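Q: Starting off with a structure, shown below.
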Amino acid sequence: MALWVEKHRPAALDKLSFHSGLTEHLKQLASSGDLPHLLVYGPTGAGKRTRIAAVLREIYGPSAEKLKVSQRVFETPSRRKLDINIISSNYHIEVNPSDAGIYDRVVIQDLIKEIAQTQQVAASSARKFKIVVIHEADALSRDAQHALRRTMEKYMGNMRVILCSTSTGKIIGPVQSRCLLVRVAAPSVDEVVDVMNIVAKKEGISIPPSFAAQIASGSQRNLHRALLMLEASYVRQYPFAEAQDVLLPEWEEYIKVIAAAALKQQTPAQLLAIRKQLYELLTHCIPPPTILKGIAMQLIDGVEEELKAEIVHQAAFYEHRLQNGQKAIVHLEAFMAKFMSIYKRHLMELP
Amino acid sequence: MDFFGRPKADVSADSASKTAKHVDPAKDRAIPWVEKYRPKNINEVTAQEEVVQVLRSSLETKNLPHLLFYGPPGTGKTSTILALTRDMYGPDAAKTRVLELNASDERGISVIREKVKNFARAVVSQADPKYPSPPYKIVILDEADSMTGDAQAALRRIMEKYSRITRFCLVCNYVSRIIEPLASRCTKFRFKSLPRDQAIARVKEVAELEYVNCADGAVDALVECAEGDLRRAMMSLQSASRMVQGRALDAEMVAELVGVIPADFVKTLRGAWGVSSAQKIRGLVDDVVYSGYPASRVLSQLHDLVIEDQQLNSLQKAKIAIVMASVDKALSDGADEQLQLFDMMMQASQITAQQTV
Ligand SMILES: Nc1ncnc2c1ncn2[C@@H]1O[C@H](COP(=O)(O)OP(=O)(O)O)[C@@H](O)[C@H]1O
Ligand SMILES: [Mg+2]
């Protein structure tokens, strides 16, 4: 049984429920037959993937939804073999560069060239080109991005690229220059509620308004998360109560516990205890920046107004180090220690 | 009314409309305007007078040095060298006399040693008598900045050895990534961001040829947002033309299309400094993130506001500039946008609150 997030994913542009202006615009682009390369960006869970799939359908019709997964072998310049899973329809290919690690350039170039060299059978002008969708384009190596530059121009006759990323910050200028930027904002809390109600109706259930609102804001306007939370709550207890607790993912609860501990006691012993908890999160594959940010936001909420700026600054500082560093635990722990020292000094100076 | 770059505009308008007549409209439609209006010969290249001048005289004297073109995207580097080869050999002979390799091609040291070398030392093929056709071939290495140091070094020797029958043109965005011995063998041309007026003239021209109805200021906005990148300006124009459908394109639509953050929103961010609680500021930062506005763009638009700000004294402005600079650095290192913006906003807020004496 598919999850609700997948099961009720709208397939056509007409069925998308928010950002109607953007939808209209995409429709015009898709129908004009001269779709440019696109860089679709916006926060996680804003519905970028769904929108891209709907654009594909608008261009090629329902057969663009007939996806097959195939395993392909690529060869690196050093003659290493790479096995990569590729999702494709008759009209497009989807890749995730992180699957290819440092060899993403090879994989993407091979795919693009292959697509550019196959002739399109359909004569209608909209189908003159095939599309390469690159998910998580933020993760593309510089090398791969550099290689995209001229390729994107050279094969424009029968190939388009759609890049999908959370922000434009990690996409190099020359690649941005070749794309139309398409911003997909997160839905508002109300819009998240609307979508939840649509899904509920399809599942034949009803959600009390206050509970829906609670999930929507708990999801941080992340549609994907909201629907997962809704389904998890449904599995646990239905009918819903007005004041039912919203289930947060376990690791988020855990982060709250860590922050509370640091606010309660600032000693080496406490730091040691926290260190163990941090390791616990890391072994569950929670990304280190997410951990640091999550804890920091809790701490900021927990301290007095005059301390907040300093804590924000330290959080930003250590998160930056984390990005450039090698061992995550070192930076996470350093941040916790820094926080404790600032907070302790503050508490001791209180009259 | 439009007195910018008239003579040149006429030349290219003419040739562009001529080509337009030959293609059937359905097929024509699928050609992106950036390609459709790519300069076909060097006289069609907008601005970049210096390089055009040199290339024109090289067509007359049939003498061409090795070239190195560098500069930001969308300034005509690739177009210029491609146009030159066409002017030089004619479209047919250019196919056998020019080797174009870019970053998408494998260009490791072995390819340089084999493919490039074999091409470089081969005998010059038959010339088309209608064109200058000087007795050498051209190797274009586009995006040369992504070649390895080893490959560049190998290239250097080939360049020396066969320079009598083969000339090289290296094209890149970042000149610092070309090894010095290679760079020093080339005549270097920096492609500047296109001057506003000339970019506007070119975009207007295309808008007219494609019957895009532009209100006053729309083209200015397109060019402004593209920051001297003509490729981006043309692409935005084409996408915008789909959006308007019969109405006139205006500056506001352009701003929305190219992702400029609404001025009011940026003003709200600035307005929070010095008066708002951390929680309020957090809310604003979340709005930025949820809206998907790129942090670097927020930073640069806020920076523009600060420079003009009457309420901040120069010391405060200087301090804020320092904060912005370090946040910008962190962002380009890949630091978290939400935390960095939050930090920047909090610091700027504190600086703004400091008593101005
Ligand atoms: N100087 C210029 N004159 C005319 N058109 C230009 C110029 N610069 C850029 N363009 C337009 O932008 C597109 C990309 O230009 P290109 O030469 O590929 O830029 P790059 O400098 O990145 O190699 C061209 O197809 C053309 O439409
Ligand atoms: Mg180029």
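If you read the protein sequences in the order shown, they are chains A and B.
With the numbering used here applied, the first sequence covers -15 to 335.
With the numbering used here applied, the second sequence covers 874 to 1230.
Even for Gly, the Cβ is constructed at its ideal location relative to N, Cα and C.
Nothing here was measured: the structure is a model prediction, and the numbers come from that model.
#1: Round the Cβ separation of Leu1185 (chain B) and Thr1225 (chain B) to the nearest angstrom and send it over; I've been treating them as touching at under 8 Å.
#2: Below 7 Å between beta carbons: does that hold for Gly947 (chain B) and Ser161 (chain A)?
#3: Which value, in whole angstroms, describes the spacing of the CA atoms of Thr34 (chain A) and Lys277 (chain A)?
#4: Taking CB distances under 7 Å as the criterion, tell me whether Gln228 (chain A) reaches chain D.
#5: Once you ignore the five residues that flank His895 (chain B) on each side, which residues in its own chain have a CB closer than 6 Å to its CB?
#6: Is the CB of Pro158 (chain A) under 7 Å away from at least one CB in chain B?
#7: Taking Gln198 (chain A) as the reference, give the member of A:Pro272, A:Asp174 and A:Tyr327 with the closest Cα.
#8: Using a Cβ-Cβ distance under 7 Å, would Ser1049 (chain B) count as near chain A?
#9: Establish whether the CB of Asp1160 (chain B) and some CB of chain A are separated by less than 7 Å.
#10: Determine the burial state of Asp1108 (chain B): buried for a count of at least 16 other Cβ atoms within 10 Å of its Cβ, exposed for fewer.
#11: When the Cα atoms are used, what is the spatial distance from Pro1167 (chain B) to Ile118 (chain A)?
#12: Strictly under 7 Å for the Cβ-Cβ distance: is Asp94 (chain A) near chain B by that measure?
#13: Could you give the first and the last residue of the continuous beta strand (DSSP E) run that contains Thr948 (chain B)?
#14: Going along chain B, which residues have a C-beta under 8 Å from Ser151 (chain A)?
#15: From this set, A:Gly45, A:Ile86 and A:Asn80, which residue's C-alpha is nearest Asp62 (chain A)'s C-alpha?
#16: Quick check: what's the CA-CA separation for Leu1188 (chain B) versus Pro273 (chain A)?
#17: Is the beta carbon of Gln1213 (chain B) closer than 7 Å to that of Ala170 (chain A)?
#18: Grouping DSSP H, G and I as helix and E and B as strand, with all else coil, what is Asp127 (chain A)?
#19: Mind pulling the chain A residues with CB within less than 7 Å of Gly1132 (chain B)?
#20: Is it buried or exposed, Leu265 (chain A), if we count other Cβ atoms within 10 angstroms and call 16 or more buried?
#21: How would you list, in chain order, the residues of chain B whose beta-carbon sits under 9 Å from the beta-carbon of Asn308 (chain A)?
#22: Got a sec, what are the start and stop residues for the beta strand (DSSP E) Arg1063 (chain B) sits in?
#23: Could you check if Tyr910 (chain B) belongs to the surroundings of ligand 1, using beta carbon to heavy atom distance under 6 Å?
#24: Under 7 Å between beta-carbons, which chain A residues line up against Pro905 (chain B)? List them in chain order, please.
#25: Could you pull out every residue in the same chain whose Cβ sits closer than 8 Å to the Cβ of Ile1052 (chain B), ignoring the five residues on either side in sequence?
#26: Report yes or no: is there a C-beta of chain B within less than 7 Å of the C-beta of Ser161 (chain A)?
#27: Can you give the beta carbon distance from Ala1121 (chain B) to Cys1087 (chain B), rounded, assuming they're within the 8 Å contact cut?
#28: When the Cα atoms are used, what is the spatial distance from Thr152 (chain A) to Ala956 (chain B)?
#29: Does Gln392 (chain A) get closer than 7 Å to chain B when you measure Cβ to Cβ?
#30: Which partner residues does Val53 (chain A) have in the DSSP bridge list?
#31: At a CB-CB cut-off below 8 Å, which residues of chain B make contact with Tyr25 (chain A)?
#32: Taking 6 Å as the cut-off, does the CB of Val907 (chain B) come closer than this to any heavy atom belonging to ligand 4?
#33: When you compare the CB of Arg1115 (chain B) with every CB in chain A, is at least one pair closer than 7 Å?
#34: From the DSSP output, in three-state form, read off Ser149 (chain A) for me.
#35: Looking at Val(-11) (chain A): is its Cβ nearer than 7 Å to the Cβ of Ala14 (chain A)?
#36: Can you tell me whether Tyr139 (chain A) is helix, strand or coil according to DSSP?
A: With the structure as the only source:
#1: Contact check for Leu1185 (chain B) and Thr1225 (chain B): beta-carbon distance about 7 Å, within the 8 Å limit, so the pair qualifies.
#2: Yes, the Cβ-Cβ distance between Gly947 (chain B) and Ser161 (chain A) is below 7 Å.
#3: Rounded to the nearest angstrom, the two C-alpha atoms are 28 Å apart.
#4: Protein chains in the displayed structure are A and B, and chain D is not among them.
#5: With a pLDDT of 40 at His895 (chain B), under the threshold of 50, the modelled position of this residue cannot be trusted; read the value that follows with caution. Cβ neighbours of His895 (chain B) beyond the five flanking positions: none.
#6: Pro158 (chain A) belongs to the set of residues whose beta carbon lies under 7 Å from a beta carbon in chain B.
#7: Of A:Pro272, A:Asp174 and A:Tyr327, the residue nearest in Cα terms is A:Asp174.
#8: Answer no: the Cβ-Cβ gap between Ser1049 (chain B) and chain A never drops below 7 Å.
#9: Under the Cβ distance rule, Asp1160 (chain B) does not count among the residues neighbouring chain A, no pair being separated by less than 7 Å.
#10: For clarity, residue 1108 (chain B) is Met in the given sequence; the question names Asp instead. Its Cβ being crowded by 16 or more others within 10 Å, Met1108 (chain B) is buried.
#11: Distance between the alpha carbons of Pro1167 (chain B) and Ile118 (chain A): 19 Å.
#12: Cβ-Cβ to chain B under 7 Å: no for Asp94 (chain A).
#13: From DSSP, Thr948 (chain B) is part of no beta strand (DSSP E); its letter is neither H nor E.
#14: Neighbours of Ser151 (chain A) in chain B, taken as residues whose beta carbon is under 8 Å from its own, are Gly1165, Pro1167, Ala1168 and Glu1210 in chain order.
#15: Checking the sequence shown, residue 62 (chain A) turns out to be Ser, not Asp. Taking only the C-alpha atoms, the option nearest Ser62 (chain A) is A:Ile86.
#16: Between Leu1188 (chain B) and Pro273 (chain A), the C-alpha separation is close to 34 Å.
#17: No. Outside cutoff.
#18: Three-state result, Asp127 (chain A): helix.
#19: Leu165 and Arg167, listed in chain order.
#20: With 16 or more Cβ atoms within 10 Å of its Cβ, Leu265 (chain A) is classed as buried.
#21: Those are Asp1206, Gly1207 and Ala1208, listed as they occur along chain B.
#22: Note, Arg1063 (chain B): beta strand (DSSP E), Thr1060 to Arg1063.
#23: Tyr910 (chain B) Cβ: within cutoff of ligand 1.
#24: For Pro905 (chain B), the chain A residues whose Cβ falls inside 7 Å of its Cβ are Asp18, Pro20 and Met140, in order along the chain.
#25: If we look at Ile1052 (chain B) and ignore the five residues flanking it on each side, its Cβ neighbours are Gly1022, Gln1025, Ala1026 and Arg1029.
#26: By this cut-off, Ser161 (chain A) is an interface position.
#27: Yes, Ala1121 (chain B) and Cys1087 (chain B) are in contact; Cβ-Cβ is about 7 Å, under 8 Å.
#28: Cα-Cα distance, rounded: 32 Å.
#29: This structure does not reach residue 392 (chain A), given that chain A is present from -15 up to 335, and the question cannot be answered.
#30: According to DSSP, Val53 (chain A) bridges with A:Ile71.
#31: Within chain B, the residues near Tyr25 (chain A) are Gly1165 and Pro1167.
#32: You won't find ligand 4 in this model; what it holds is ligand 1 and ligand 2.
#33: The beta carbon of Arg1115 (chain B) sits closer than 7 Å to some beta carbon of chain A.
#34: Three-state DSSP puts Ser149 (chain A) in a strand.
#35: No; because the gap between Cβ atoms is not below 7 Å, this pair is not in contact.
#36: If DSSP states are grouped into helix, strand and coil, Tyr139 (chain A) belongs with coil.
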